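To convert, count from 1 in the sequence shown and add 26; that's the working numbering.
Backbone N, C-alpha and C define an ideal beta-carbon position, used for all residues, glycine too.
Since the model is a prediction, treat every value here as computed from it, not as a measurement.
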Amino acid sequence: FGGALRDGLRDNRVDITDVVIDEGQPSGVALITVETRGENTIIVVPGANGAVGDADLQRLQAALNDARLLLLQLEVPLPAVVSAARAAHERGVLVMLDPAPAQPLPAELYSLVDILTPNATEAEMLVGFPIKGEAAARGAGKALLERGVRTAVIKLGEKGVYWSEANGLDEFMGAFPVQVVDTVAAGDAFNGGLATALSENAPFAEAIQWGLAAGGLAVTKQGAQPSLPNRQALLTLLGQHT
């Protein structure tokens, strides 16, 4: 699938300069089941993602010189994630981590992350207690900040998001009212919207709105990549609710 995936990125005007095809590994595959309410379960076979290592990190070094933000997740080996976060942090590049699939994180990684964006399930795994309401979300945010993260953003699905910052600021922001068809890629869309706005120097609350708008639009369509909105769709939704 490597060629098709790369072509899909190029067709959507994504810079693929540093995207490579690993001839020795199959493409990663995710098998997704969606229940009637739109919730999903995912089984992942990492393939080439699981082979990301030193050579890939060397390519990243040059790209970071012109970067404003590095968005990471845990679908590549954890040592590579830590090394990438360290390289970005040393250059003053904003580091944003979506800790999915959920797994324990090394202490160093927390200290390298500017913005951590778990969903409720992932946050529960990290902090060790259930997140069922506002008080629990606040407790989780506090626990993550104490580990060294500068800003903790907890995605709460249809309830929106809660975020807390090391400077003491915290806030809940509700989700956009949309008809949910399929929640696959909603978190990814949120991260994309948030990261895009931050890379364009938007205030943090405005960037959260971008994330919520992107995630809200994603759940109105089936599929992962096909459900990701473009900028115009996102701006239209924001304009309807501001």
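Whose CA, out of the options, lies closest to the CA of residue i?
| i | options | result |
| --- | --- | --- |
| S53 | V78, E65 and I42 | V78 |
| E49 | I180, M122, S137 and A74 | A74 |
| L100 | R85, P127 and G29 | P127 |
| F216 | A240, A110, L131 and M122 | A240 |
| G219 | A201, F202, F230 and L238 | L238 |
| L86 | D214, H267, V119 and A161 | V119 |
| I157 | T177, K185 and R176 | K185 |
| V55 | T147, V102, D92 and R117 | V102 |
CA-CA distance, residue i and residue j?
| i | j | result |
| --- | --- | --- |
| L263 | E232 | 13 Å |
| I58 | N256 | 23 Å |
| L135 | D124 | 12 Å |
| A163 | L254 | 27 Å |
| D140 | A149 | 16 Å |
| R39 | D33 | 10 Å |
| M199 | Q129 | 26 Å |
| G165 | G159 | 10 Å |
| Q248 | N145 | 20 Å |
| L182 | I47 | 35 Å |
| Q258 | A221 | 16 Å |
| P229 | N193 | 15 Å |
| G28 | S190 | 38 Å |
| S70 | G76 | The residue asked about is misnamed: residue 70 is Val in this sequence, not Ser. For V70 and G76, the distance between alpha carbons rounds to 11 Å. |
| L6 | G213 | Residue 6 lies beyond the residue range present for the chain, which begins at 27 and ends at 268; the question has no answer from this structure. |
| T143 | A201 | 15 Å |
| E226 | A93 | 11 Å |
| Y188 | R176 | 14 Å |
| T62 | T147 | 20 Å |
| V45 | P72 | 16 Å |
By Cβ distance below 7 Å, which residues in the same chain neighbour residue i in space, the five residues on each side in sequence not counted?
| i | result |
| --- | --- |
| G64 | V206, V207, D208, T209 and V245 |
| A223 | E232, A233 and W236 |
| I42 | R32, L35 and R36 |
| R112 | L138 |
| H267 | F202 |
Near residue i, which residues of its chain fall below 8 Å by C-beta distance, leaving aside the five closest residues on each side in sequence?
| i | result |
| --- | --- |
| A106 | V78, G79, D82 and L83 |
| V204 | G242, L243, V245 and T246 |
| Q251 | G34 and A211 |
| P132 | L104 and V108 |
| F155 | A162, G165 and A166 |
Quick one: residues in its chain with C-beta nearer than 6 Å to the C-beta of residue i, no 5 flanking neighbours on either side, listed in chain order?
| i | result |
| --- | --- |
| T67 | T59 |
| A16 | The chain is shown only over 27 to 268; residue 16 falls outside these bounds and no answer can be derived. |
| R117 | L90 |
| M151 | A128 |
Report, in whole angstroms, the separation of the C-beta atoms of residue i and residue j, which I expect to be a contact under 8 Å.
| i | j | result |
| --- | --- | --- |
| L171 | V153 | L171 to V153, Cβ: 11 Å. No contact. |
| D196 | G167 | 6 Å |
| L98 | A89 | That belief does not hold up - the Cβ atoms of L98 and A89 are roughly 13 Å apart, past 8 Å. |
Give a yes or no on whether the minimum CB-CB distance between residue i and chain D is below 9 Å.
| i | result |
| --- | --- |
| V206 | Of the chains in the structure shown, none is chain D; there is only one protein chain. |
message: Restricting to runs no shorter than 3 residues, where is the beta strand (DSSP E) found entirely within the region 108-138?
response: 120-124
task: Identify every run of the alpha helix (DSSP H) within the region 195-245, keeping only runs that are complete inside it and at least 4 residues long; order them along the chain.
output: 212-225 and 230-244
field: Start-end ranges of the beta strand (DSSP E) lying completely within the region 68-108, minimum 3 residues
entry: 95-99
- prompt: Which parts of the region 155-181 are runs of the alpha helix (DSSP H), unbroken and 4 residues or longer, counting only runs that do not cross its ends?
  reply: 160-172
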